[in-house]
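Sequences listed follow chains R and U, in order. First residue of the first sequence? That's 13 in this note's numbering, and the numbers climb one at a time after it. First residue of the second sequence? That's 13 in this note's numbering, and the numbers climb one at a time after it. We put the CB at the ideal spot given by N, CA and C, even for glycine.
2 protein chains.
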Amino acid sequence: MIEPLVSPRPIAPSQPVDARRSGREELALYAGSIALAAIVKRSGTPLFVLDPDRIAERFAYFGELLPFARLRYALAALPHPAVIRTIAAAGGGFDVVSTGELAMLAHEEVPASAAVYSHPIKRPAAIAAAAAAGVRLFVADNPAEVRKFLGVDASVRLLIRVHFDGDGASFGVDAAHAMNLARFAVNNGIRVAGFSVHVDADRMSPRRLEQVLRETLRLIDEGNARWRLGADTLDLGGGLPAEHEAGDARLRALAAAAARVLEPRAPALTVLAALGRCVAAPAMLLATRVVGQATRDGAVWHYLDDGMHGSFAGLRDAASAPAMFSLRELLEPGDVPPPALYPCTVAGASTDGLDVIARDLPLPSLGIDDVLLCPNLGAYSLVLASNFEAVRRTRVHVLHSRRAAQRSGAVDAL
Amino acid sequence: MIEPLVSPRPIAPSQPVDARRSGREELALYAGSIALAAIVKRSGTPLFVLDPDRIAERFAYFGELLPFARLRYALAALPHPAVIRTIAAAGGGFDVVSTGELAMLAHEEVPASAAVYSHPIKRPAAIAAAAAAGVRLFVADNPAEVRKFLGVDASVRLLIRVHFDGDGASFGVDAAHAMNLARFAVNNGIRVAGFSVHVDADRMSPRRLEQVLRETLRLIDEGNARWRLGADTLDLGGGLPAEHEAGDARLRALAAAAARVLEPRAPALTVLAALGRCVAAPAMLLATRVVGQATRDGAVWHYLDDGMHGSFAGLRDAASAPAMFSLRELLEPGDVPPPALYPCTVAGASTDGLDVIARDLPLPSLGIDDVLLCPNLGAYSLVLASNFEAVRRTRVHVLHSRRAAQRSGAVDAL
Numbered sequence: 013m014i015e016p017l018v019s020p021r022p023i024a025p026s027q028p029v030d031a032r033r034s035g036r037e038e039l040a041l042y043a044g045s046i047a048l049a050a051i052v053k054r055s056g057t058p059l060f061v062l063d064p065d066r067i068a069e070r071f072a073y074f075g076e077l078l079p080f081a082r083l084r085y086a087l088a089a090l091p092h093p094a095v096i097r098t099i100a101a102a103g104g105g106f107d108v109v110s111t112g113e114l115a116m117l118a119h120e121e122v123p124a125s126a127a128v129y130s131h132p133i134k135r136p137a138a139i140a141a142a143a144a145a146g147v148r149l150f151v152a153d154n155p156a157e158v159r160k161f162l163g164v165d166a167s168v169r170l171l172i173r174v175h176f177d178g179d180g181a182s183f184g185v186d187a188a189h190a191m192n193l194a195r196f197a198v199n200n201g202i203r204v205a206g207f208s209v210h211v212d213a214d215r216m217s218p219r220r221l222e223q224v225l226r227e228t229l230r231l232i233d234e235g236n237a238r239w240r241l242g243a244d245t246l247d248l249g250g251g252l253p254a255e256h257e258a259g260d261a262r263l264r265a266l267a268a269a270a271a272r273v274l275e276p277r278a279p280a281l282t283v284l285a286a287l288g289r290c291v292a293a294p295a296m297l298l299a300t301r302v303v304g305q306a307t308r309d310g311a312v313w314h315y316l317d318d319g320m321h322g323s324f325a326g327l328r329d330a331a332s333a334p335a336m337f338s339l340r341e342l343l344e345p346g347d348v349p350p351p352a353l354y355p356c357t358v359a360g361a362s363t364d365g366l367d368v369i370a371r372d373l374p375l376p377s378l379g380i381d382d383v384l385l386c387p388n389l390g391a392y393s394l395v396l397a398s399n400f401e402a403v404r405r406t407r408v409h410v411l412h413s414r415r416a417a418q419r420s421g422a423v424d425a426l
Numbered sequence: 013m014i015e016p017l018v019s020p021r022p023i024a025p026s027q028p029v030d031a032r033r034s035g036r037e038e039l040a041l042y043a044g045s046i047a048l049a050a051i052v053k054r055s056g057t058p059l060f061v062l063d064p065d066r067i068a069e070r071f072a073y074f075g076e077l078l079p080f081a082r083l084r085y086a087l088a089a090l091p092h093p094a095v096i097r098t099i100a101a102a103g104g105g106f107d108v109v110s111t112g113e114l115a116m117l118a119h120e121e122v123p124a125s126a127a128v129y130s131h132p133i134k135r136p137a138a139i140a141a142a143a144a145a146g147v148r149l150f151v152a153d154n155p156a157e158v159r160k161f162l163g164v165d166a167s168v169r170l171l172i173r174v175h176f177d178g179d180g181a182s183f184g185v186d187a188a189h190a191m192n193l194a195r196f197a198v199n200n201g202i203r204v205a206g207f208s209v210h211v212d213a214d215r216m217s218p219r220r221l222e223q224v225l226r227e228t229l230r231l232i233d234e235g236n237a238r239w240r241l242g243a244d245t246l247d248l249g250g251g252l253p254a255e256h257e258a259g260d261a262r263l264r265a266l267a268a269a270a271a272r273v274l275e276p277r278a279p280a281l282t283v284l285a286a287l288g289r290c291v292a293a294p295a296m297l298l299a300t301r302v303v304g305q306a307t308r309d310g311a312v313w314h315y316l317d318d319g320m321h322g323s324f325a326g327l328r329d330a331a332s333a334p335a336m337f338s339l340r341e342l343l344e345p346g347d348v349p350p351p352a353l354y355p356c357t358v359a360g361a362s363t364d365g366l367d368v369i370a371r372d373l374p375l376p377s378l379g380i381d382d383v384l385l386c387p388n389l390g391a392y393s394l395v396l397a398s399n400f401e402a403v404r405r406t407r408v409h410v411l412h413s414r415r416a417a418q419r420s421g422a423v424d425a426l
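(1) Can you give the Cα-Cα distance for A306 (chain U) and P155 (chain U), rounded to whole angstroms?
(2) Would you check if there are 3 or more beta carbon pairs closer than 8 Å linking the segment 309-322 of chain R to the segment 366-376 of chain R?
(3) Between R:V224, R:A126, R:P132 and R:E69, which lies nearest to S362 (chain U) when the distance is taken from Cα to Cα?
(4) Compare the C-beta of V368 (chain R) with all C-beta atoms of chain U and state if any pair is closer than 8 Å.
(5) Report back the beta-carbon spacing between V273 (chain U) and L231 (chain U) to the nearest angstrom; my notes put them in contact at under 8 Å.
(6) Determine which residues of the segment 308-336 of chain R have a Cβ less than 9 Å from any Cβ of chain U, and write them out in chain order.
(7) Say whether chain U places a C-beta atom closer than 8 Å to the C-beta of F207 (chain R).
(8) For the 8 Å Cβ check, are there 3 or more pairs between the segment 75-90 of chain U and the segment 272-290 of chain U?
(9) Under a three-way DSSP split, which group does S420 (chain U) fall into?
(10) Name the two residues that bound the continuous beta strand (DSSP E) containing G206 (chain R).
(11) Return the first residue and the last residue of the alpha helix (DSSP H) that M116 (chain R) is part of.
(12) What do you get for A100 (chain U), buried or exposed, if any count of 16 or more other CB atoms within 10 angstroms of its CB means buried?
(13) For P218 (chain U), which residues of its own chain have a beta-carbon under 6 Å away from its beta-carbon, when the five flanking residues on both sides are left out?
(14) Are three or more beta carbon pairs between the segment 308-317 of chain R and the segment 341-353 of chain R nearer than 8 Å?
(15) Curious, which full-length alpha helix (DSSP H) runs of at least 4 residues does the segment 277-323 of chain U contain?
(16) Given a cut-off of 8 Å, decide if V185 (chain U) and I172 (chain U) are closer than it, judged by their beta-carbon atoms.
(17) To the nearest whole angstrom, what separates the beta carbons of H412 (chain U) and S55 (chain U), a pair I think is in contact under 8 Å?
(18) By Cβ distance, which residues of its chain are closer than 8 Å to I380 (chain R), with the 5 residues on each side in sequence left out?
(19) Classify P155 (chain U) as helix, strand or coil using the three-state DSSP reduction.
(20) So, do the segment 111-119 of chain R and the segment 391-404 of chain U have three or more beta carbon pairs nearer to each other than 8 Å?
(21) What are the start and end residues of each continuous alpha helix (DSSP H) run of 4 or more residues lying completely inside the segment 363-415 of chain U, in chain order?
(22) Which class does H92 (chain R) belong to by DSSP, given the choice of helix, strand or coil?
(23) Apart from the five residues on each side of it in sequence, which residues of its chain come closer than 7 Å, Cβ to Cβ, to F183 (chain U)?
(24) How many angstroms separate the CA atom of G35 (chain U) from the CA atom of F80 (chain U)?
(25) Please name the residue in R:W239, R:V348 and R:A293 whose C-alpha comes closest to that of G326 (chain R).
(26) What do you reckon, are the CB atoms on L90 (chain U) and A391 (chain U) nearer than 8 Å?
(27) Taking buried to mean at least 16 other C-beta atoms within 10 Å of its own C-beta, is D177 (chain R) buried or exposed?
(28) Quick one: using the 10 Å Cβ neighbour count with 16 as the cut-off for buried, is D107 (chain R) buried or exposed?
(29) Is there at least one Cβ from chain U nearer than 8 Å to N154 (chain R)'s Cβ?
(30) Closest to G75 (chain R) by CA distance: which of R:V128, R:V291, R:F60 and R:L375 is it?
(31) Taking the C-alpha atoms as reference points, what is the distance between S45 (chain R) and E344 (chain R)?
(32) Within 8 Å (strictly less), CB to CB, does T363 (chain U) reach chain R?
(33) Going by the DSSP bridge assignment, what does I172 (chain U) pair with across the sheet?
(34) Taking the straight line between their C-alpha atoms, what separation do you get for T245 (chain U) and R277 (chain U)?
(35) Put D348 (chain U) into one of helix, strand or coil per three-state DSSP.
(36) Using a beta-carbon distance below 8 Å, is A306 (chain R) in contact with chain U?
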């Protein structure tokens, strides 16, 4: 009498399913090492599990990859106190874009001198407050913004943000006008530290990065020789890729390109690099639960207790389905073969018809109350969530750092 | 030396500019009546200005339009205490989708019996809590969900949510299986109140609405005659259009179609209708300030102190530019001709390159610190905002109700 639950045929093993298998093994090992099942049982769902050690490891990895650069953590990706403390303990600097982010640093007793204020557009009151707190490096990209620094503390310096391929871009002065803007600042008694250029990991090839960095260096050199800018800093900006599998091939190629241009200039040149997504993403996973199931037009739908208005909000821009594993499949002994996978629609917690997380996602057989785990969800997840439909944002469970005892150190003042 | 600010040619008067002119006159009158300039001066920006009288007016208007229906306000659009109090005072019911929304009603001392819990997917704990609080009407659309009502208070009744054109829809049992689902409930001792169908204002013609309502009535009649459902309720769901200009032609046509089918059945049939966007949208305007300006690729950019991660978050789905007026142009005496308009790019407060609110929007000449006003921003704005980049959500200034003294009344228990 009731429409039977359709039993779709399992997905045949294929490339993406093989990739899922290795991801599953990695996650199963990790879940065991942090006793994830017990955490979820104790704290319920939805739940983020944040691992400060992964922040530290990832930050150290970038230190090896970019030994010529002073690394800053860009708070926007995941401005969590535990992350701030971990970066500070590792000697990292910070990249902030708002008064609120500066307040978070102050709350963790990180000196403002460790931060670059990188938002190119600021209210004068925000500049005054940041300068008074001790920020010494700001970013600007247009004359109206440079004028806001007239009369600000004379030890403050500007990085001029430049773009080289920026048709329709929201920020950056085009390279042809960058020198004019730097000269405008200096002629008005505002100091220029150098130039800032953003790596757009999605679009920039290593070869193009090399060109762009050479052109930025040329701006610094010409500015110093011809216009007495006194520039000593090149800011690589943010935007490095987040992937951390397969040897980070793309990331390594970008880093090598930067090294070819910038290492020969050390130590006379200060190179800055902001890390956001690439440090935060692998440090947090989401545990979410199946709370409802239905068969619609022959497709199996799983409804979760989190969604596109919550912890998956970052997917709206990324347009790619997240990896999902059931806690139950991870708890199987290692010698049990992987479960059969079925194509499913996974929907979020709200009544919004657009709150669909993924369609045709391969998942094992699931029941109501099964817990799903989504790794690599540390960046642009929590921070983009709203309280839509009066649902609270997902809580964060912070793992005890297994390394904290070994770490100490001052914060790198930029 | 500095790149000159481009002076684009004013936009020639045309149809959209004429529409802007009438909108400007209406807003200027309204701004004068509520002393908007003084509010903005006192409270700063960004600021929402919420007018409970507009909620009451709009709710009363729908009462005239749908005299055969009991109206519920769907909290999801704008779950503000002042809105809840206004609807309750007008005798309206409520449509809730979460434990959090029920708590907001309780906080305003609205009895839970005035609410329909319309989310088709719920955790058993949410059902138990809502039933214990006094909710008597719930929505379900699949067998797994109906089963969750086994053992719940016997006075609780279900609305079966149906869809008639729902390929790929996230909710609703297709019409061919709706009777089976209702019988499954009744056979298990769970009472069925009737059927629920959502008006999709963007896609549904009045003619199609009429068909859909006739089919829903047929489900009720056949269910009662053949399967002893005991159904007495047809739920129109939400989704009515929000426009309120030009006599609401589309809205009136939909209401007339519903009346043709449903009025002949009064008073033996309880008709419910949920109002969200259409009540909330016109009741709130946003005041936001120009904090930065730049010329990029020949286009003038205005950067605001609010944006797509804040109060404009609802635009992400709507994909239409909001109307924007400068406070300065509204304060001009009525006999001053409208200002020349220029095409501008309007960008938000974050460093996200996707945070562009509108391109080629016709705006008068603006300077830094000019305040822009965006009317009709009451629905799906505040509720979709995040705290991205540690920026607080926009505050809400609630106008004193000029009508409150005349209003009183009990809440309509559904």
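Here's the rundown:
(1) C-alpha separation (whole angstroms): 57 Å.
(2) Flag = yes, the segment 309-322 of chain R and the segment 366-376 of chain R touch.
(3) The shortest C-alpha separation from S362 (chain U) is found at R:P132.
(4) Taking CB atoms only, V368 (chain R) has a neighbour in chain U less than 8 Å away.
(5) Not quite, the Cβ-Cβ distance comes to about 13 Å (not below 8 Å), so this is no contact.
(6) Sequence-ordered contacts of the segment 308-336 of chain R with chain U read R308, D309, A311, W313, Y315, D317, H321, A325, R328 and D329 [C-beta pairs closer than 9 Å].
(7) For F207 (chain R), the answer is no, since every Cβ of chain U falls outside 8 Å of its Cβ.
(8) The segment 75-90 of chain U vs the segment 272-290 of chain U: in contact.
(9) With a pLDDT of only 41 at S420 (chain U), under 50, the local geometry of the prediction cannot be trusted, and no value is derived from it.
(10) Per DSSP, G206 (chain R) belongs to the beta strand (DSSP E) from R203 to V209.
(11) Taken as a continuous stretch (DSSP letters only), the alpha helix (DSSP H) holding M116 (chain R) covers T111 to H119.
(12) Counting Cβ neighbours within 10 Å, A100 (chain U) comes out buried, since at least 16 surround it.
(13) Closer than 6 Å at the Cβ level, and outside the excluded window around P218 (chain U), lie A265, L266 and A269.
(14) With a cut-off of 8 Å, the segment 341-353 of chain R and the segment 308-317 of chain R do not count as touching, because too few Cβ pairs lie within range.
(15) Taking only runs of at least 4 residues, the alpha helix (DSSP H) segments lying wholly in the segment 277-323 of chain U are 289-292.
(16) Closer than 8 Å, so yes.
(17) Not confirmed; about 14 Å, so no contact.
(18) For I380 (chain R), same chain residues with a beta-carbon under 8 Å away, outside a window of 5 residues either side, are V302, V303, G304 and Q305 in chain order.
(19) In the three-state DSSP reduction, P155 (chain U) falls in the helix class (H, G or I).
(20) Verdict: yes, contact present.
(21) Here no run is fully enclosed.
(22) H92 (chain R): coil per DSSP, three-state reduction.
(23) Within the same chain, P132, D153 and R173 come within 7 Å of F183 (chain U) by CB-CB distance, once the 5 residues on both sides are set aside.
(24) When only Cα atoms are considered, G35 (chain U) and F80 (chain U) end up about 32 Å apart.
(25) When each option's Cα is compared against that of G326 (chain R), the closest is R:A293.
(26) Their beta carbons are under 8 Å apart, which means L90 (chain U) touches A391 (chain U) by this criterion.
(27) Here D177 (chain R) is exposed, its C-beta having fewer than 16 other C-beta atoms within 10 Å.
(28) Buried is the call here.
(29) Output row for N154 (chain R): interface = yes.
(30) When only C-alpha atoms are compared, the closest one is R:V291.
(31) S45 (chain R) and E344 (chain R) have their C-alpha atoms spaced approximately 15 Å apart.
(32) Closer than 8 Å to some Cβ of chain R, the Cβ of T363 (chain U) qualifies, so yes.
(33) Answer is U:A152 and U:F207, bridged to I172 (chain U).
(34) Taking the Cα positions, T245 (chain U) is about 11 Å away from R277 (chain U).
(35) A quick correction: the sequence has Val, not Asp, at residue 348 (chain U). Of the three classes helix, strand and coil, the one that applies to V348 (chain U) here is coil, per DSSP.
(36) With 8 Å as the cut-off, A306 (chain R) counts as an interface residue toward chain U.
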